[in-house]
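Below: one structure, written as structure tokens.
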Amino acid sequence: MAPRTSSHGLQQLAPSASGPLFRQAKRELQRVVESGRYGPGETLPSETVIATALGVSIGTLRKAVDELVHEHVLVRRQGKGTFVALHNDARFLFQFFHVEPRDEFPVADDLREREYPQVECVGFARGRADEAEAAALRIRPGDPVVRIANRLSLAGRPVVHDRLVVAAQTFRGLSEKRFRERPSTIYNLYQTDHGITVLRARERARARSADRETARILGVAVGLPVLEVHRVALTFGDKPVEYRISTINTASHDYVSLLAKG
3 MAPRTSSHGL QQLAPSASGP LFRQAKRELQ RVVESGRYGP GETLPSETVI ATALGVSIGT
63 LRKAVDELVH EHVLVRRQGK GTFVALHNDA RFLFQFFHVE PRDEFPVADD LREREYPQVE
123 CVGFARGRAD EAEAAALRIR PGDPVVRIAN RLSLAGRPVV HDRLVVAAQT FRGLSEKRFR
183 ERPSTIYNLY QTDHGITVLR ARERARARSA DRETARILGV AVGLPVLEVH RVALTFGDKP
243 VEYRISTINT ASHDYVSLLA KG
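With the numbering used here as the guide, the letters of the sequence shown map in order to residues 3 to 264.
Here it is, written out as structure tokens:
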């Protein structure tokens, strides 16, 4: 017998399914979000409604929701309910932007509000994936891609040269005009226009010297020591959706990472 589907799009969990019950509930909630039944920023049904639809206890459901909140798929708002997480400036600063002016480690009372970078698009072109881009995006060399270059400034000073590559097949209809005129972050554009939610990213950092392109965009000398961060942005199922190389002028800025106990 096929699982019963509620009016909210949730399927009752099958008693024979494998794995802990809360993990089954998590997978079903994630499936519904990934399907687009509940869009970015939309409210999910109440915990009681969801638990009843899935055939689990409130405690089991809350454990599933806790994991999805931790993974930035959902967000809880006290007294208002549970929402599908929406990419915005605050989330970008907290989760994906790690460049800050150099400073001593501040004590709690001296923590200052972080600055959102000014982002300027300095290049937008279509092309064919090279070997490295294809490997990062899990596409074939020669597949159509969109390449975007951005200059990120803090306090009016260029600090980061970003080079983004996305598969044209994944981001159909992405135009330079829409990219430049987006009202919020790049990841918000992916989410609202293309139904692609970036959940996490895998990064590798290495030292290198500024090439001519980076030197021109950041206004530094060719050969200046810089930090290069290679990032693969991942959506549901750890599917790669963007390959980004960020070259950072570390003369007066640092790449800052906040570590938490897992």
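Backbone N, C-alpha and C fix where the C-beta goes; we use that ideal spot for every residue, glycine too.
Model, not experiment: these values are computed from the prediction.
Residue of the options minimising C-alpha distance to residue i
i      : options                           : result
Arg259 : His196, Phe98 and Ser155          : This sequence places Ser at residue 259; Arg is not what is there. Among His196, Phe98 and Ser155, the Cα nearest to that of Ser259 is on Phe98.
Asn90  : Ala136, Tyr189 and Leu201         : Tyr189
Asp240 : Val200, Arg206 and Ala212         : Val200
Phe181 : Val228, Val224, Pro42 and Ala127  : Ala127
Arg208 : Ala157, Tyr257 and Gly61          : Tyr257
Phe85  : Tyr118, Gly21 and Pro47           : Pro47
Glu30  : Thr194, Thr187, Gln14 and Asp164  : Gln14
Arg79  : Thr45, Pro17, Val101 and Gln32    : Thr45
Ala87  : Val121, Thr237, Leu56 and Ala137  : Thr237
Gln26  : Lys179, Pro185, Leu56 and Val51   : Leu56
Leu261 : His100, Ala131 and Ser186         : His100
Gly175 : Gly197, Glu133, Pro160 and Leu220 : Gly197
Gly125 : Glu49, Ser177 and Thr50           : Ser177
His72  : Val51, Ser37 and Gln32            : Gln32
Glu49  : Val147, Gly81 and Ser37           : Gly81
Arg233 : Thr216, Thr249 and Ala16          : Thr249
Arg206 : Ala235, Leu70, Glu122 and Glu215  : Ala235
Val58  : Leu70, Val34, Val77 and Lys28     : Lys28
Pro119 : Glu133, Asp105, Gly144 and Ala92  : Ala92
Lys179 : Ile60, Val51, Cys123 and Gly144   : Cys123
Glu244 : Arg214, Ala217, Arg218 and Ala137 : Ala137
For residue i, the residue or residues it bridges with in DSSP
i      : result
Leu154 : Val121 and Val162
Thr84  : Arg78
Asp256 : Glu102
Arg130 : Pro146
Arg208 : Glu230
Gly169 : Per the sequence presented here, residue 169 reads as Ala, with Gly not at that position. Per DSSP, Val147.
Thr45  : Phe85
Enclosing alpha helix (DSSP H) for residue i [first to last residue]
i      : result
Gly61  : Ile60 to His72
Val200 : No alpha helix (DSSP H) holds Val200; DSSP gives it neither H nor E.
Thr50  : Glu49 to Leu56
Ser37  : Leu23 to Ser37
Arg182 : Glu178 to Arg182
Ala223 : No alpha helix (DSSP H) contains Ala223, which DSSP labels as neither H nor E.
Rounded Cβ spacing between residue i and residue j (contact assumed at less than 8 Å)
i      : j      : result
Glu230 : Arg210 : 5 Å
Glu135 : Val167 : 5 Å
Val23  : Thr62  : First, the amino acid is wrong: residue 23 is Leu here, not Val. Between Thr62 and Leu23 the Cβ distance is about 5 Å, and since that is below 8 Å, they are a contact.
Arg184 : Leu191 : 4 Å
Leu156 : Pro103 : 7 Å
Ile247 : Arg153 : About 14 Å separates the two Cβ atoms, so there is no contact after all.
Thr187 : Pro42  : Incorrect: roughly 12 Å between the Cβ atoms, too far for contact.
Ala151 : Ile141 : 20 Å between Cβ atoms; not a contact.
Arg39  : Gly11  : 4 Å
Pro146 : Leu220 : Pro146 to Leu220, Cβ: 29 Å. No contact.
Val35  : Val77  : Contact doesn't hold; Cβ gap of about 12 Å is too wide.
Gly129 : Arg149 : 6 Å
Test: residue i CB closer than 8 Å to a CB of chain B
i      : result
Ala127 : This model lacks chain B altogether, as it is built from one protein chain only.
Boundaries (first-last residue) of the beta strand (DSSP E) holding residue i
i      : result
Thr249 : Pro242 to Ile250
Ala136 : Premise fails: Ala136 lies in the alpha helix (DSSP H), Glu133 to Leu139, not in any beta strand (DSSP E).
Val234 : Pro227 to Leu236
For the 8 Å Cβ check, are there 3 or more pairs between the region 166-173 and the region 61-77? Counting Cβ pairs under 8 Å, fewer than three are found: no touch.
How do the region 220-228 and the region 246-257 stand: do at least 3 beta-carbon pairs fall below 8 Å, yes or no? yes
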